[in-house]
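Step one of this worksheet: look at the structure below.
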Amino acid sequence: MLHLYDTASRSTRELALREPGKVSIYLCGPTVYGPAHLGHGRATLSYDILRRYLEWTGLDVQLVSNITDIDDQIIKRANNEDRPWKDITTKCEAMWFEAMDGINVKRPTDIPRATEYVDEMVAMIGELVGMDKAYVTDDGVYMDVESVDDYGALAFQTLDDMKAGGGDRVVLGADQKRHPADFVLWKFSKPGEPAWPSPWGEGRPGWHSECVVMSLDLLGEGFDLHCGGQDLRFPHHENERAQAVALGKTFANHWMHHAFIVDGEGEKMSKSIGNVSNLLDLIEHYDQRAYRLVLLQSHYRSPITLDQGTIDAAVTSLDRLDGFAARTAGIEGEPDTDVMAAFRTAMDDDLDTPKVMALVFDTARRVNVGLEAGDDVSGLVAAVNEICTALGLELSAGSDVPDDVAAKATALDQARADKNYDLADSIRNELQADGWTVETTKDGTSVRK
RNA sequence: GGCGACGUGGCCGAGUGGUUUAGGCAACGGACUGCAAAUCCGUGUACAUGGGUUCGAUUCCCAUCGUCGCCUCCA
């Protein structure tokens, strides 16, 4: 069974399932006001790997990931560009999924939009106000964090500590707030801004209220896992949790947070790669699988550097794996049990994908050796394929070889047999110029693209 | 100011209190090849600095320096 690091308890523990055979996961999705960037890629790829693995083990995964389509950023951009905010959210959402498809991230099972849940949010906020755990100020409705017993569980700090450590930081709207950490549940709208009715005045829900309502509605109380980037740990996840706890509800049982993409020296990356902080740009210029491989070769809780060198190395590695796939195409069998057991052990240990990739490369090497020796490598081949499939890493055995290209390969072999090396070299150059990888094997020349 | 994380060989990036290696990329040597490519075999003074604990630390503790995240929207 999968053991995952849990942020709240700060320990690695078994991912306990509320319902046997089923996993319920909530992943904080994007705010749609711009193109998906590299960071979004790490987020979605990390959980796509988790999701695929869970499904591979036979579990029924419900993955809810929202679209935040009400937000200050959206309004800001709409005002700046003088166009309807819905125009922005619709287009950005379409681009988002284009990028997700591009990196082979499976769609969540549920994709709730914040705008579809405003009524429920208002109802929830009303409940909190009714319990006097939320209160109205000039600019909105605020959560009273001191009414929440263990507020700070994800921040690793008590409210007193936060206050004491605040130094001379400026707290927005402090004069009307009961505690500096109180956060907005409902924001009154200014004229011209998108607005929904509420008992306290027209406005829009606060970001933290969106995710609680949607997660609890679709997954129910005590769902298994809540995930997101490390920046979301506090305040976003803390505040989601605070609202649920205040309402007397059990929230997520397990918290998973992934680390960031680091580009070392800021703009250096984008300069050398081109404007590649945009995910779609990356896909356009590089093998889509490269990013997934980079992530698989490091741990999800470690920050990683993504630059030209990292991507290039991954592309080369991929070529090595594709070569393996081409060489072993047609070899079928049952996955080697030892390799598969090692795979599961590594994955169940807090998703130790670096170890898995080492296993994959090592197994591929064993296949290459075995192939040369004429051994039966079908189990090892199947294991590599099985693992790659489980992780969403699709290997390519190459495209079909057209007749004329096959004929050239035959001619190349003939030329070599005739010791006409000038002709052989020219044929090989021709094939390579057309983008074919030409490999000499003991069975003759083989080509792949 | 508070909280958290991190500094590993040319690069990316795992891991561990000690006799055996992460892995990938790059480099070099070799096998194979007509030559290459691919593949295989082999090679490299690695663990920020200074203390401490220990028979022994890269791996535990403390300090220092440096990098980063969060505390305000953020994957």
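Position one of the first sequence corresponds to residue 1416 (my numbering), numbered consecutively onward. Think of the CB as a built atom: it goes at the ideal place given N, C-alpha and C, for glycine as much as any other residue.
Look at the alpha carbon of residue i and the alpha carbon of residue j, and state the distance between them as a whole number of angstroms.
i: Leu1766; j: Leu1419; result: 7 Å
i: His1700; j: Thr1504; result: 26 Å
i: Ala1674; j: Arg1593; result: 33 Å
i: Ile1676; j: Ala1839; result: 47 Å
i: Asp1837; j: Asp1815; result: 27 Å
i: Lys1683; j: Thr1720; result: Confidence at Lys1683 is low in this model, with a pLDDT of 38, below 50, so its placement is unreliable and the value that follows should be read with caution. Cα to Cα, Lys1683 sits roughly 12 Å from Thr1720.
i: Gly1541; j: Ala1657; result: 15 Å
i: Ile1464; j: Ala1805; result: 8 Å
i: Leu1382; j: Gly1807; result: A query on residue 1382 cannot be resolved here, the shown segment of the chain reaching from 1416 to 1864 and no further.
i: Ala1756; j: Arg1704; result: 25 Å
i: Ile1440; j: Trp1615; result: 33 Å
i: Gly1643; j: Glu1625; result: 15 Å
i: Ala1423; j: Asp1639; result: 13 Å
i: Ser1713; j: Asp1597; result: 37 Å
i: Val1447; j: Leu1600; result: 20 Å
i: Met1629; j: His1641; result: 12 Å
i: Asn1519; j: Trp1851; result: 25 Å
i: Ala1667; j: Ala1661; result: 14 Å
i: Asp1534; j: Arg1648; result: 26 Å
i: Pro1527; j: Pro1769; result: 33 Å
i: Leu1786; j: Asp1858; result: 12 Å
i: Ala1761; j: Val1438; result: 20 Å
i: Gly1813; j: Pro1445; result: 35 Å
When we look at the beta-carbon of residue i and count the other beta-carbons within 10 Å, is it buried (16 or more) or exposed?
i: Phe1571; result: exposed
i: Thr1856; result: exposed
i: Gly1738; result: buried
i: Lys1823; result: buried
i: Pro1523; result: buried
i: Arg1425; result: exposed
i: Lys1491; result: exposed
i: Ala1779; result: buried
i: Leu1477; result: Leu is not the amino acid found at residue 1477; the sequence shown has Gln there. The residue is buried, with at least 16 neighbouring Cβ atoms inside 10 Å.
i: Gly1618; result: buried
i: Asp1849; result: exposed
i: Ala1451; result: buried
i: Met1539; result: buried
i: Ala1509; result: exposed
i: Ser1692; result: buried
i: Glu1655; result: buried
i: Thr1427; result: exposed
i: Lys1605; result: exposed
i: Ala1798; result: buried
i: Lys1578; result: exposed
i: Gly1456; result: buried
To which residues of the same chain is residue i closer than 6 Å at the C-beta, ignoring the five residues directly before and after it?
i: Ile1746; result: Ser1793 and Val1796
i: Asp1554; result: Phe1603
i: Leu1417; result: Leu1430 and Asp1763
i: Cys1803; result: Leu1810
i: Leu1653; result: Correcting the residue identity first, residue 1653 is Glu in this sequence and not Leu. Closer than 6 Å at Cβ, skipping near neighbours: Leu1569 and Ala1570.
i: Glu1561; result: His1594
i: Asp1408; result: Given that the chain is displayed from residue 1416 to residue 1864, the structure contains no residue 1408 and the question cannot be resolved.
i: Ala1458; result: Gly1644
Considering residue i, what are the terminal residues of the alpha helix (DSSP H) in which it resides?
i: Pro1880; result: This structure cannot settle anything about residue 1880, because the visible part of the chain is limited to 1416 through 1864.
i: Asp1734; result: Gln1723 to Thr1743
i: Ala1797; result: Ser1793 to Ala1805
i: Ile1503; result: Trp1500 to Gly1517
i: Met1671; result: Careful: Met1671 lies outside any alpha helix (DSSP H), inside the beta strand (DSSP E) at His1669 to His1673.
i: Phe1598; result: Per DSSP, Phe1598 belongs to no alpha helix (DSSP H) and is neither H nor E.
i: Met1755; result: Thr1752 to Asp1763
i: Val1628; result: Trp1622 to Leu1634
i: Asp1367; result: Given a span of 1416 to 1864 for the chain in the structure shown, any question on residue 1367 remains unanswerable.
i: Gly1454; result: Leu1453 to Trp1471
i: Met1536; result: Val1533 to Gly1545
Note down, in chain order, each residue of its chain lying with its Cβ closer than 8 Å to the Cβ of residue i, except the 5 sequence neighbours on either side.
i: Gly1580; result: Gln1572
i: Leu1708; result: Ala1729, Ser1732, Leu1733, Met1772 and Leu1808
i: Leu1846; result: Val1820, Lys1823, Ala1824, Leu1827, Val1853 and Val1862
i: Asn1783; result: Phe1739 and Arg1742
Beta-carbon within less than 7 Å of residue i's beta-carbon, same chain only, minus the 5 sequence neighbours each way: which residues are those?
i: Leu1631; result: Ala1659 and Lys1664
i: Thr1530; result: Asp1484 and Ile1485
i: Leu1736; result: Ala1779 and Leu1810
i: Gly1621; result: Phe1598, Val1599, Leu1600, Trp1601 and Lys1602
Along the chain, where does the beta strand (DSSP E) that runs through residue i open and close?
i: Gln1703; result: That residue, Gln1703, is in no beta strand (DSSP E); it is neither H nor E in DSSP.
i: Ile1440; result: Lys1437 to Leu1442
i: Leu1827; result: Segment Asp1818 to Ala1832 is the alpha helix (DSSP H) holding Leu1827; no beta strand (DSSP E) there.
i: Gln1477; result: Asp1475 to Ser1480
Tell me whether residue i counts as near the ligand COA, meaning its Cβ is closer than 6 Å to at least one heavy atom of that ligand.
i: Asp1696; result: With respect to the ligand COA, the structure shown offers nothing to examine, as it has no ligands at all.
Does the segment 1425 to 1439 come within contact of the segment 1717 to 1733, defined as at least 3 CB pairs closer than 8 Å?
no
Is the segment 1467 to 1477 touching the segment 1499 to 1517 in the sense that three or more CB pairs, one from each, lie closer than 8 Å?
no
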